[in-house]
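Residue numbers 4 to 238, in the working numbering, belong to the letters of the sequence shown in order.
Glycine included, every Cβ here is placed at the ideal spot set by N, Cα and C.
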Amino acid sequence: SSQTEVGKPPHHTDTFNVVICGEAGSGKSSLVNMIAGTNMAVTSSDARGCTAGTNMYDVSMKTLKVKLVDTAGLDEGPRGTVPDKEARRILKTLLRSLTERGDIHLIMYCVRGERAIRTLRRNYDLIRSQVKRKIPIVLVVTCLESYTPEMEDWWRVNEGSISNLGMTFAGHACITTATMTGSMYIERRAQSYSSVCKLIEQCYLLNTTKSSQSTNVPRYRVPTLFISYFCNIDM
4 SSQTEVGKPP HHTDTFNVVI CGEAGSGKSS LVNMIAGTNM AVTSSDARGC TAGTNMYDVS
64 MKTLKVKLVD TAGLDEGPRG TVPDKEARRI LKTLLRSLTE RGDIHLIMYC VRGERAIRTL
124 RRNYDLIRSQ VKRKIPIVLV VTCLESYTPE MEDWWRVNEG SISNLGMTFA GHACITTATM
184 TGSMYIERRA QSYSSVCKLI EQCYLLNTTK SSQSTNVPRY RVPTLFISYF CNIDM
């Protein structure tokens with residue numbers, strides 16, 4: 004089972020640090036819970052934000068430790084959980100600080116599947132401006148539990164528009180974090196977990212390879228058993 008801790012700063016050389024950010028109500032906290040396999044982050048059932056600050060969660064994944072950094076939602080009004088201007092200021096400071104210290108390895112940019120593609124650019128530009136090209140950004144598209152024919156089709160439909168708007172991502176996952184009953188929803192949640200797991204795995208292996216090359220450490224092949232263990236956390 005997953006072991007979790009809350010509140011420690013993300014400075015651990017043996018931990019893969021993942022910052023989760025995006026607009027309010029995009030499912031960031033629900034994504035944390037899905038990765039962890041337990042309801043450790045407070046969530047909301049609507050599109051309003053529920054994360055008031057920056058929350059950090061340590062998740063032990065068999066052979067890999069991941070620190071998930073859940074951030075306040077962007078684009079809320081002045082009466083929101085965290086007003087947009089303040090949320091953007093906090094996120095800028097966090098990303099800049101973690102990048103300077105080398106304490107961030109991956110950014111997951113969460114967006115709701117029904118959002119118009121052009122609206123994604125503003126927050127993308129904010130994130131990219133703070134980390135430049137130093138940190139990989141992956142797109143996690145949420146709320147696709149009823150998307151047809153398949154969740155992955157969202158990417159096929161929108162990939163061209165995303166590229167035309169100048170947004171580039173190191174990977175993507177089209178998912179649902181919904182805990183609804185019914186065979187289709189259960190199957191889609193399992194697919195979602197697998198997709199997110201693979202994103203983290205791929206970026207972790209890429210980061211490990213880069214670190215090995217920069218320190219002239221001989222490269223080694225990661226055993227297949229590692230990947231098998233990583234993608235089969237007890238839920």
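The Cβ atoms of serine 33 and threonine 46 sit closer than 9 Å to each other. Within the same chain, Lys68 come within 7 Å of aspartate 17 by CB-CB distance, once the 5 residues on both sides are set aside. Of the candidates Tyr207, Glu79, Ile93, Ile93 places its Cα closest to the Cα of asparagine 58.
Serine 198 is a Cβ neighbour of alanine 176, given a cutoff of 9 Å.
Counting only runs that start and end inside the region 124 to 189, the alpha helix (DSSP H) elements of at least 4 residues fall at 156 to 167. Secondary-structure assignment with DSSP links glutamate 26 through a beta bridge to Leu77.
Going by DSSP, methionine 111 is part of no alpha helix (DSSP H) but of the beta strand (DSSP E) stretching over 109 to 115. Counting along the chain, aspartate 61 sits inside the beta strand (DSSP E) bounded by residues 58 to 64. Taken through DSSP and simplified to helix, strand or coil, threonine 46 comes out as coil. Taking all protein chains in view, the Cβ of methionine 111 is crowded by 16 or more other Cβ atoms within 10 Å, so the residue is classified as buried.
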